[in-house]
Each structure stands twice: as structure tokens, then as C-alpha cells.
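In UniProt numbering, the protein residues as written are 1 to 58. A virtual CB, placed ideally from N, CA and C, is assigned to each residue, including glycine. Contents: one structure, followed by commentary.
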């Protein structure tokens, strides 16, 4: 069984789907990442979400 993760703004009650955790290699180290964050459009969505909610509790 797997769990999907969301980044949620507690102030606006809106969120962004991060996806499920997956193993990734980052500069030769084994780490974990999120399955929805590998496309350029998804990264732009994340950046826009963080800028729009920068003063809110996430």
C-alpha cells in the first residue's frame, strides 16, 4: 500500500499533489523524491504555489 503526499496551505485550504515517494539518485546518493515532481511543468506549479503562499502556514 502506498500513500500520496500533498503540500497544503492551511490558510487558503488549497493544495498541490506531490505524488508517492520513490527512490531517486541525487549526485550519487540514494534519496527519496516525489513521483509527480519530475516534469518541468510540475516544478513550475510547485514554484508558483510556494510563491503564492510564502507567508502562509504550509
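ask   = Taking Cβ positions, are residue 13 and residue 2 nearer each other than 8 Å?
value = By one-based count along the chain shown, residue 13 stands at place 13. By one-based count along the chain shown, residue 2 stands at place 2. Result no, Cβ atoms of residue 13 and residue 2 do not sit closer than 8 Å.
query = Using DSSP with H/G/I as helix, E/B as strand and the rest coil, what is residue 49?
reply = On the chain shown, residue 49 is found 49 positions in, with the first residue counted as 1. Helix, per DSSP.
key: Whole-angstrom distance between residue 17 and residue 37, CA atom to CA atom   = Reading the chain shown from its first residue, position 37 is the one you call residue 37. Reading the chain shown from its first residue, position 17 is the one you call residue 17. Going by the C-alpha atoms only, they are around 9 Å apart.
request  = Would you list, in sequence order, the uninterrupted beta strand (DSSP E) runs of no fewer than 3 residues that lie entirely inside the region 8 to 50?
outcome  = 14 to 26 and 29 to 34
key: 8 Å Cβ cutoff met for residue 24 and residue 15   = Taking the chain shown and counting its residues from 1, one reaches residue 24 at position 24. Taking the chain shown and counting its residues from 1, one reaches residue 15 at position 15. Not in contact: residue 24 and residue 15 (Cβ atoms no closer than 8 Å).
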